[in-house]
Amino acid sequence: MNDWIDISIPKLGGNEIKYLKDCINSNFVSSIGPFINQFESLVAKEIGLSNQKTVATSSGTTAIQLGLHSIGVKQNDIVIVPTYTFIATANAVSHVGANPWFVDVESSQLTIDPIKLLNQLEKNSFQENGSTYHKDTKQRISCIIPVYVFGCPPNIDLIKKISEEYNIPILLDSACGIGSKYKNLKLGQTNLPGIISFNGNKTITSGAGGIFYSNEIDKVDKVRHLSTTAKCSGKYDHDEIGYNFRMSNIQAALGLAQLEQLDQIIDKKRTIHNNYLKELSDSNKFNFIVDPSWGLSSHWLNAIFLKNENENLDNLIQQLRRFKIRANYFWKPLHLQQPYRNNLKVDFDSLGDIQNRILVLPSSANLSSNDQIKVIEVIKSYFKS
Ligand SMILES: Cc1ncc(COP(=O)(O)O)c(C=O)c1O
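Our numbering numbers the first residue of the sequence shown as 4 and each following residue consecutively.
Here it is in structure tokens:
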């Protein structure tokens with residue numbers, strides 16, 4: 004048994020073993036099987052969509068890639084991506100042959116900043132024949148991907164307005180967003196297409212896997228078709244170059260068992276968040292990332308943001324590790340990453356040295372009260388000394 008307090012590990016407390024045994028006993032272990040359909044239906048229900056409006060994929064990254072195809076993103080297009088996200092968001096854009104164009108994030112929630120997005124478009128784009136193009140490169144700008152950061156929704160209405168003004172469709176990267184709400188809306192009720200990740204570190208997991216969701220059935224059908232090698236008959240006919248990106252029945256079995264526990268897991272995540280807030284939010288050394296005014300975060304992960312640029316995050320991490328508490332750095336902005344350093348340039352003034360100032364805290368759904376108290380005490384005593 005691992006005696007460390009982890010950041011985000013799965014809570015496997017329901018029908019996982021039963022459903023996995025069903026897969027073995029029935030021989031449905033691959034990309035066809037009853038759990039896939041059940042998983043898709045239950046995800047649809049959980050996010051406020053009707054049946055058939057979700058497609059289970061091999062990962063969140065492949066769901067983004069196929070989602071971009073379904074929106075009509077083409078090779079050499081530009082796709083707008085907030086610089087503060089996991090690199091998979093930009094990688095999926097690259098995988099369809101498009102180029103990510105990074106936008107700054109707003110400083111409290113770290114989600115895409117609609118004002119900066121608008122400024123960036125006003126300054127650097129022009130519209131022609133119903134599409135928007137980059138002024139210098141003349142590339143078509145064909146999608147905006149707002150990201151749910153730590154489970155926190157982006158400011159969707161403002162982004163939608165910009166999307167309508169410039170005629171650039173939106174794909175939500177809600178990889179970490181299951182259980183969160185924009186205003187009172189679940190993911191599918193925002194009326195935007197999007198994706199969810201069920202990777203092992205997420206709120207609930209299928210081991211690895213993703214979901215593409217949309218209210219528009221043509222997009223859903225397109226993603227389903229592409230994810231299964233674009234096969235269109237039982238006679239090995241394929242009508243375009245597809246992918247082998249379908250979720251397996253084994254992954255779906257695990258995911259379904261997890262999904263059945265989603266409400267309790269989200270409640271626990273909220274309790275963990277509220278405990279951290281209650282005990283640590285009066286600190287003058289750091290800020291907490293809290294629910295935005297426009298919605299509710301799923302609180303997939305909790306994070307603190309050090310106020311003092313000179314505070315050494317490494318020392319704090321080392322101190323927590325001495326007590327067998329895993330706490331860690333988080334995402335490095337994408338405009339600083341090796342593969343994307345030379346992308347179209349923009350100013351990123353709000354981020355500064357963000358990676359040296361954000362610490363993610365243990366947030367697993369099975370974090371015990373005693374363990375959380377230990378984390379809180381170590382942090383309090385570190386900042387007292
Ligand atoms: C914001 C974001 N986007 C995309 C992904 C990719 O999801 P997956 O790991 O399932 O491919 C992740 C996963 O960690 C993520 O955090």
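The C-beta atom is built at its ideal place from N, Cα and C for all residues, glycine as well.
DSSP state of Phe333 mapped onto helix, strand, coil: DSSP places Phe333 in coil when its eight states are reduced to three.
N- and C-terminal bounds of the beta strand (DSSP E) containing Ser29: In the DSSP annotation of this structure, Ser29 is not part of any beta strand (DSSP E); the continuous alpha helix (DSSP H) holding it starts and ends at Glu19 to Ser29.
Any non-hydrogen atom of ligand 1 within 6 Å of Ser296 CB: Taken from the Cβ of Ser296, every heavy atom of ligand 1 lies 6 Å or farther away.
Run of the alpha helix (DSSP H) containing Gln130, from where it starts to where it stops: From DSSP, Gln130 is part of no alpha helix (DSSP H) but of the beta strand (DSSP E) over Ser128 to Glu131.
Residues with C-beta closer than 6 Å to any heavy atom of ligand 1, in chain order: By the rule of a C-beta closer than 6 Å to any heavy atom of ligand 1, the residues picked out are Ser62, Gly63, Thr64, Thr88, Phe89, Ala91, Thr92, Val150, Asp176, Ala178, Cys179, Ser200, Asn202 and Gly213.
Continuous beta strand (DSSP E) stretch holding Ala59: start and end: Thr57 to Thr60 is the extent of the beta strand (DSSP E) around Ala59.
Val99 (DSSP reduced to helix, strand or coil): Secondary structure at Val99: coil, using DSSP grouped into helix, strand and coil.
Inter-residue spacing [alpha-carbon to alpha-carbon] between Ile253 and Ala47: Note on geometry: alpha-carbon atoms of Ile253 and Ala47 lie some 19 Å from one another.
Cα-Cα separation between Leu174 and Lys335, rounded to whole angstroms: Each residue's Cα considered, the two are about 22 Å apart.
4-residue-minimum alpha helix (DSSP H) runs that sit fully inside the segment 240-326, ordered along the chain: DSSP runs (the alpha helix (DSSP H)) wholly in the segment 240-326: 252-262, 265-283 and 316-325.
Boundaries of the beta strand (DSSP E) in which Thr64 is found, first to last residue: No beta strand (DSSP E) contains Thr64, which is instead part of the alpha helix (DSSP H) from Gly63 to Ile74.
Distance between beta carbons of Cys235 and Asp242, contact taken as under 8 Å: Their Cβ separation, rounded to whole angstroms, is 5 Å, which keeps Asp242 and Cys235 in contact under 8 Å.
Identity of the residue in Gln264, Tyr169 and Gln192 nearest Gly133 by Cα: Closest in alpha carbon position to Gly133, among Gln264, Tyr169 and Gln192, is Tyr169.
Contacts around Ala211, its chain only, beta-carbon distance under 8 Å, and the 5 residues preceding and following it disregarded: Shown here for Ala211: same chain residues with a beta carbon closer than 8 Å to its own, the five before and five after excluded, namely Ser61, Ser62, Phe201, Asn202, Gly203 and Gln254 in chain order.
Glu167 burial status per 10 Å Cβ neighbour count (16 or more: buried): Under this definition Glu167 is an exposed residue.
Assumed close pair Asp398, Glu312 - CB separation to whole angstroms, cut-off 8 Å: Outside the shown range of the chain, which is 4 to 388, sits residue 398, and nothing can be said about it.
Residue closest to Lys310, alpha-carbon to alpha-carbon, out of Ala330, Leu347, Asn359 and Lys348: Taking only the C-alpha atoms, the option nearest Lys310 is Asn359.
Alpha helix (DSSP H) segment containing Val152, residue limits: That residue, Val152, is in no alpha helix (DSSP H); it is neither H nor E in DSSP.
Cα-Cα separation between Leu362 and Asn28, rounded to whole angstroms: Taking the straight line joining both Cα atoms gives about 44 Å.
Collapsed DSSP secondary structure at Leu45 in the structure displayed: Reduced to three states, the DSSP call for Leu45 is helix.
For Thr206, the three-state DSSP class (helix, strand or coil): In this structure, DSSP gives Thr206 a state outside helix and strand, which the three-state scheme calls coil.
6 Å Cβ shell around Tyr279 - same chain, five flanking residues per side excluded: Excluding sequence positions up to five before and after Tyr279, its CB lies within less than 6 Å of the CB of Asn305, all in the same chain and listed in chain order.
Host beta strand (DSSP E) of Ser200 (start-end): For Ser200, the uninterrupted beta strand (DSSP E) run begins and ends at Gly197 to Ser200, by DSSP.
Residue of His338, Asn345, Pro342 and Leu316 minimising C-alpha distance to Asn331: For the options His338, Asn345, Pro342 and Leu316, the alpha carbon positioned closest to that of Asn331 is the one of Leu316.
First through last residue of the beta strand (DSSP E) which encompasses Val82: Segment Ile81 to Pro85, the beta strand (DSSP E) holding Val82.
Distance CB(Ile159)-CB(Thr193) smaller than 7 Å: The answer is yes: Cβ separation under 7 Å.
Where Gly100 falls, given that 16 or more other Cβ within 10 Å makes a residue buried: Exposed, because fewer than 16 other Cβ atoms sit within 10 Å of the Cβ of Gly100.
Continuous beta strand (DSSP E) stretch holding Phe386: start and end: Per DSSP, Phe386 belongs to no beta strand (DSSP E); it is in the alpha helix (DSSP H), Ser372 to Lys387.
Under 7 Å between C-beta atoms of Ile328 and Val378: With respect to the 7 Å criterion, Ile328 and Val378 are classified as neighbours on the basis of their beta carbons.
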